[in-house]
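To keep things clear, I will list the structure first and then write my remarks on it.
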Amino acid sequence: MKIWSPTELSSQETDFNYSDTREQMDGSVGPMRVLVTGGSGLVGRAIERVVKKEGEEREGEEWIFLSSKEANLMSAEETRAAFEKHRPTHVIHLAAMVGGLFRNMRQNLDFWRNNVFINDNVLQAAHEFGVVKVVSCLSTCIFPDKTTYPIDETMIHNGPPHESNFGYAFAKRMIDVQNRAYFQQYGLRYTAVIPTNVFGPHDNFNIEDGHVLPGLIHKTYLAKSETHVTFWEDLEPHLSSVHMVNLFHVFVCIIEEGKPLQVWGSGRALRQFIYSLDLARLFLWVLREYDEVEPIILSVGEEDELTVKDAVDAVVEAFGFEGEVIYDTSKSDGQIKKTANNAKLRKYLPDFKFTPFKQAVKETCDWFAANYDTARK
Numbered sequence: 189m190k191i192w193s194p195t196e197l198s199s200q201e202t203d204f205n206y207s208d209t210r211e212q213m214d215g216s217v218g219p220m221r222v223l224v225t226g227g228s229g230l231v232g233r234a235i236e237r238v239v240k241k242e243g244e245e246r247e248g249e250e251w252i253f254l255s256s257k258e259a260n261l262m263s264a265e266e267t268r269a270a271f272e273k274h275r276p277t278h279v280i281h282l283a284a285m286v287g288g289l290f291r292n293m294r295q296n297l298d299f300w301r302n303n304v305f306i307n308d309n310v311l312q313a314a315h316e317f318g319v320v321k322v323v324s325c326l327s328t329c330i331f332p333d334k335t336t337y338p339i340d341e342t343m344i345h346n347g348p349p350h351e352s353n354f355g356y357a358f359a360k361r362m363i364d365v366q367n368r369a370y371f372q373q374y375g376l377r378y379t380a381v382i383p384t385n386v387f388g389p390h391d392n393f394n395i396e397d398g399h400v401l402p403g404l405i406h407k408t409y410l411a412k413s414e415t416h417v418t419f420w421e422d423l424e425p426h427l428s429s430v431h432m433v434n435l436f437h438v439f440v441c442i443i444e445e446g447k448p449l450q451v452w453g454s455g456r457a458l459r460q461f462i463y464s465l466d467l468a469r470l471f472l473w474v475l476r477e478y479d480e481v482e483p484i485i486l487s488v489g490e491e492d493e494l495t496v497k498d499a500v501d502a503v504v505e506a507f508g509f510e511g512e513v514i515y516d517t518s519k520s521d522g523q524i525k526k527t528a529n530n531a532k533l534r535k536y537l538p539d540f541k542f543t544p545f546k547q548a549v550k551e552t553c554d555w556f557a558a559n560y561d562t563a564r565k
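Number 565 marks the last residue of the sequence shown (the numbering used here); no jumps.
Here you go:
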């Protein structure tokens, strides 16, 4: 099977007219019914907030946020039933089996099979039900492990991905293959975005199986909480005998005895982080304006790449954690870097403003603390 290069793809002759077919499939150039798969996840909830609460919903748009409780997209039958029920004209495809580094290392086969099932079912149902446009969500882990930096959209298929999560990476990479095939065979402009490390409210904050930043947020929250518990439990016996002038000294001593924050890896790995609300706003632009089959990287610039240690420092600052931070170098760093070039995005949106990293981390930490009992963890 040939995989079209971006140049070949754009030059392919076809009788397909995108604008005419959009009008034909919609019945008019009017209402747009958008189905968001994975609608209850990190990015889905961010899109819902931007659309519903920040006033980005346009006249004539109807938004449907589909959760896994409503349809198991690994089932072709349930996927078709969901499309039959909602009859979308457009789809934002976010649904996926996801997990952090160590879960991926343990379950590469599961990540491959489940994501291939989900992606094939969604894209084929979209085709069968006449969906005009699908925007799927990929990941920078799809890029080759051995490559030159920065990576860009033309380099996806230049070699195998990092071995730690090859199952997930290849499954996500195949969406690009399917999009190109749907265009070649049917003229459909299904496309995909490639965000870097996404974080924000409604993330999965599971320490064992979550991604790096939400896992750090949960660990730091617990370390901070354990320190406070230690403080009050150890302080109580002193209350009758310690004068107020010595109270601060007791506090400092007990803080120093609190449990340290343990971080897996050396902290040297480099990552580009994108706030989920920024990504949501960019998704709306891609859905409404971006007209290429070739995917587009959605990321902050190379100059905003951070080490994991930088991320740890931001989380520690956001929570006001004053305990010790220990890096467990016996744990893997994963891919040491995957620097992405956002030049294509900047060509289209040169003035887009990303939320400053520390501000986004602070907002996420505040949300997690306020919603600890119900947050995914």
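The beta carbon of each residue, even a glycine, is placed where N, CA and C say it ideally should be. Note that the structure is a prediction, hence the values are computed from the model and not measured.
Between the CA atoms of residue j and residue i - distance to the nearest angstrom
| i | j | result |
| --- | --- | --- |
| Tyr478 | Asp516 | 43 Å |
| Met362 | Leu282 | 15 Å |
| Leu261 | Phe305 | 8 Å |
| Glu482 | Asp554 | 37 Å |
| Asn385 | Arg459 | 7 Å |
| Gln366 | Glu250 | 27 Å |
| Arg564 | Leu486 | 25 Å |
| Ala284 | Asp364 | 15 Å |
| Leu376 | Lys546 | 40 Å |
| Pro338 | Asn530 | 9 Å |
| Ala270 | Gly398 | 28 Å |
| Tyr378 | Asn303 | 18 Å |
| Thr277 | Met220 | 6 Å |
| Pro544 | Lys525 | 21 Å |
| Asp492 | Val381 | 19 Å |
| Phe509 | Thr552 | 15 Å |
| Val286 | Leu401 | 14 Å |
| Glu236 | Gly347 | 36 Å |
| Glu444 | Trp473 | For Glu444, the predicted structure reports a pLDDT of 41, less than 50, and the residue's modelled location is therefore unreliable. A value from the coordinates is still provided. If you take the alpha carbons of Glu444 and Trp473, they lie about 49 Å apart. |
| Glu480 | Tyr536 | 12 Å |
| Phe299 | Thr335 | 23 Å |
Nearest candidate by alpha-carbon position, reference residue i, set the options
| i | options | result |
| --- | --- | --- |
| Leu465 | Pro389, Leu475, His406 and Glu396 | Pro389 |
| Ser454 | Leu470, Ser255 and Ser520 | Ser520 |
| Glu341 | Phe331, Val238, Gly226 and Phe542 | Phe331 |
| Thr328 | Lys240, Glu247 and Phe461 | Phe461 |
| Trp452 | Leu289, Lys240 and Thr336 | Leu289 |
| Asp561 | Pro383, Phe393 and Gly511 | Phe393 |
| Ser228 | Arg294, Lys257, Lys525 and Gln312 | Lys257 |
| Val320 | Leu475, Pro402 and Arg246 | Leu475 |
| Asn292 | His350, Arg377, Leu230 and Ile524 | His350 |
| Ala359 | Gln373, Ile344, Tyr370 and Gln372 | Ile344 |
| Tyr463 | Arg233, Leu223 and Val224 | Arg233 |
| Phe371 | Pro402, His315 and Asp391 | His315 |
| Val488 | Leu254, Leu467 and Glu272 | Leu467 |
| Val323 | Ser255, Phe507 and Ile280 | Ile280 |
| Thr495 | Arg469, Ala457 and Lys532 | Ala457 |
| Lys541 | Lys273, Phe317, Leu470 and Gly226 | Leu470 |
| Ala528 | Gly243, Glu490 and Arg301 | Glu490 |
| Pro383 | His274, Ile484, Thr336 and Thr335 | Ile484 |
| Gln295 | Lys334, Thr335, Cys325 and Ser352 | Ser352 |
| Ser413 | Lys447, Gly226 and Asn559 | Lys447 |
| Gly226 | Val549, Thr335, Ser255 and Phe299 | Ser255 |
| Asn309 | Val224, Glu266 and Thr335 | Glu266 |
| Gly522 | Asp333, Gly403 and Ala548 | Asp333 |
| Ser263 | Ala502, Arg368 and Arg301 | Arg301 |
| Lys273 | Glu242, Phe317 and Ala502 | Phe317 |
| Ala548 | Ala502, Val239, Gln373 and Lys240 | Ala502 |
Bridge partner(s) assigned by DSSP for residue i
| i | result |
| --- | --- |
| Asn385 | Phe461 |
| Tyr172 | Only positions 189 to 565 of the chain appear in the structure, and residue 172 is not among them; the question remains open. |
| Asn392 | Arg564 |
| Leu223 | Ile252 and Val279 |
| Tyr515 | Val451 |
| Ile485 | Ile382 |
| Ala528 | Ile339 |
| Leu404 | Looking at the DSSP assignment, Leu404 forms no beta bridge with any residue, so it has no partner. |
| Leu494 | Arg459 |
heavy atom of the ligand SAH below 7 Å from residue i C-beta
| i | result |
| --- | --- |
| Pro219 | Absent from the structure shown: the ligand SAH. Ligands present: none. |
Contact belief for residue i with residue j at Cβ below 8 Å, rounded distance in angstroms
| i | j | result |
| --- | --- | --- |
| Ile405 | Phe556 | 6 Å |
| Leu297 | Gly355 | 6 Å |
| Gly511 | Leu410 | 11 Å between Cβ atoms; not a contact. |
| Phe184 | Thr408 | Limits of the chain in this structure are 189 at one end and 565 at the other, which puts residue 184 out of reach. |
**Message:** Quick check on the DSSP output: what are the complete alpha helix (DSSP H) runs of length 4 or more inside the region 284 to 348, in order along the chain?
**Reply:** 289 to 294 and 296 to 316
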